[in-house]
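Below: the structure, in structure tokens.
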Amino acid sequence: NRVTDQFLCIFVNSICATMRKHVSIQLAGMAFMLSYGLYADRSSISWSTPLIPLSEDRFDVDNFNYTPSAVESYFMNNLVSLGFDTHGKENADTCHSVFLNESSPFYEYAKSYISELDEYNSIIRDFRPVLGMTDLRFEKQKTLRFNYGESNNRNLASFVCDNIRPTSDQIRAIFSKSGFLSRSSSMGFMEPLLPVARHPKICHNLRANILNMGYLIHDFQHICMHSLTSHSKLVFVDMGASLDFHGRFSPNAYIYNIYKTFGFVFDHIYAYEVTPKEAPKVYELVPEDLLSSWHWINVGVDASPYSKNNPFNLLLSKFTRKDDFVVVKLDIDTPHIELPLAHQLRDNAKLAELVDQFYFEYHVHQKELVGSWGPNVRGNVKDAMELMGELRKKGVAAHFWV
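Under my numbering, residues 1 to 402 are what the sequence shown spells out, in order.
As structure tokens, this is what we get:
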């Protein structure tokens with residue numbers, strides 16, 4: 001209303017006057033945010049999620065570190081004794097290692113973890129950008145127009161990132177009872193690597209939860225602060241980019257949309273798919289908001305380091321900036337191609353430095369999932385856990401895919 005608008009104008013002008021007297025640059029930056037966009041559309045503000053101060057718990061991004069949770073360390077240290085180094089066609093029973101084993105030291109914590117995942121996903125589903133943000137980079141650009149030095153720019157940029165829900169502090173609180181979360185200095189909190197390689201609810205109802213992606217945890221606030229700049233390019237490489245839906249659900253659509261919801265808008269999506277598709281059908285299936293960034297490559301990927309069809313060669317030649325944000329998904333149901341590609345990511349230091357998030361469906365001899373995979377399996381659960389753990393230690397936030 002008019003009275004409120006007049007109050008805001010007086011408030012903003014008074015803070016700007018303070019800025020001219022060099023009393024508080026950061027308050028001036030807050031005034032800029034108020035005048036530039038925060039109250040541009042007051043109807044879009046969610047008052048149920050108030051702004052909170054920047055968390056003091058920050059990682060030193062110049063010295064990368066990865067801290068696995070206690071449950072992840074437990075599995076990594078006991079892969080053999082728990083029977084995950086199966087041979088031949090023997091399939092490992094992963095659910096009985098914790099989620100169905102009352103004698104496990106983590107059994108009660110595992111039950112809490114399932115409930116915590118439900119709470120976390122409820123917040124993710126209900127999230128609406130506080131500032132009506134569509135692209136975090138654009139919001140950061142607006143804050144950085146006051147160029148008062150790197151330190152103050154960082155504080156202004158945090159004003160944008162700290163409005164993402166759940167915040168890092170909220171994620172920590174949600175999972176405080178189980179303590180299951182792992183974390184890295186660049187990507188923040190993430191789900192632990194578990195032998196079940198899916199949502200743990202598959203241990204109770206496989207059919208209903210085989211495509212349940214609610215086990216994936218992304219610390220978008222932390223990523224916004226530490227791995228995204230106002231000039232970052234956002235790239236998604238999708239190997240196995242089937243546009244088919246499983247009923248009404250598409251895992252690929254899910255992952256595109258969750259990044260978009262939190263202000264990570266991809267400039268390029270390189271979609272590789274070996275199954276021939278007619279161009280009009282592809283055009284029809286691609287969401288309209290992705291058309292400008294969608295690169296449909298209807299050929300199979302090649303693991304040869306020298307092949308034009310090896311997507312990693314594209315990344316290494318076209319996207320060389322460390323502050324670009326790169327996401328890779330690998331799920332082509334062909335182990336003799338998938339595994340060499342995953343190993344290239346692990347063994348190539350430049351590539352590992354470039355890729356931020358990696359989603360991989362590692363097809364191994366696992367009792368719960370081998371029925372869905374059929375004959376397209378290779379290796380065991382121990383192999384899968386060790387590979388994903390090695391990737392995380394090298395700075396790649398590796399997640400099991402569905």
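Cβ atoms here follow ideal geometry from the backbone N, Cα and C, with glycine treated the same way.
Identity of the residues DSSP links to residue i by a beta bridge
i, result
"residue 329", "238, 359"
"residue 372", "In DSSP, residue 372 forms no bridge with anything."
"residue 395", "Answer is none; residue 395 lacks a bridge partner."
"residue 366", "92"
"residue 164", "Note: residue 164 sits in no beta bridge, so no partner."
"residue 190", "182"
"residue 272", "239, 297"
"residue 66", "184"
"residue 99", "Answer is none; residue 99 lacks a bridge partner."
Pair within 7 angstroms by beta-carbon distance, residue i and residue j
i, j, result
"residue 364", "residue 381", "yes"
"residue 262", "residue 220", "yes"
"residue 121", "residue 214", "yes"
"residue 71", "residue 127", "no"
"residue 78", "residue 366", "no"
"residue 224", "residue 136", "yes"
"residue 298", "residue 273", "yes"
"residue 168", "residue 222", "yes"
"residue 200", "residue 114", "yes"
"residue 68", "residue 123", "no"
"residue 164", "residue 189", "no"
"residue 84", "residue 195", "yes"
"residue 259", "residue 295", "no"
Contact set for residue i: own chain, Cβ-Cβ below 6 angstroms, skip 5 residues either direction
i, result
"residue 392", "66, 398"
"residue 388", "193, 398"
"residue 59", "Only weak support exists for where residue 59 lies, its pLDDT of 38 falling under 50; the value from the coordinates is given anyway. Here the set comprises 185."
"residue 243", "285"
"residue 327", "236, 357"
"residue 110", "98, 99"
Spatially closest choice to residue i from the options, by CA coordinates
i, options, result
"residue 202", "100, 71, 218", "100"
"residue 300", "251, 345, 240", "240"
"residue 368", "206, 321, 75, 143", "206"
"residue 290", "255, 85, 84", "255"
"residue 161", "134, 140, 94, 200", "140"
"residue 386", "80, 64, 63", "80"
"residue 104", "117, 82, 86", "82"
"residue 73", "276, 108, 191", "191"
Cutoff 8 angstroms; reference residue i; Cβ partners in own chain excluding five residues on either side
i, result
"residue 352", "345, 346, 391, 394, 395, 396"
"residue 304", "310"
"residue 322", "353, 354"
Cβ distance (whole Å) where residue i is taken to contact residue j below 8 angstroms
i, j, result
"residue 267", "residue 230", "So it is not a contact: roughly 13 angstroms between Cβ atoms."
"residue 325", "residue 182", "In fact, because the Cβ distance is near 20 angstroms, the residues do not count as touching under 8 angstroms."
"residue 406", "residue 264", "The chain is shown from 1 up to 402; residue 406 falls before or after that span and cannot be answered."
"residue 197", "residue 384", "7 angstroms"
Cβ neighbours of residue i in the same chain (closer than 7 angstroms, five flanking residues each side left out)
i, result
"residue 401", "329, 331, 359, 360, 361"
"residue 234", "264, 265, 266, 267, 325"
Chain E contact for residue i (CB, 7 angstroms cutoff)
i, result
"residue 189", "Absent from the structure is chain E; it holds one protein chain and no more."
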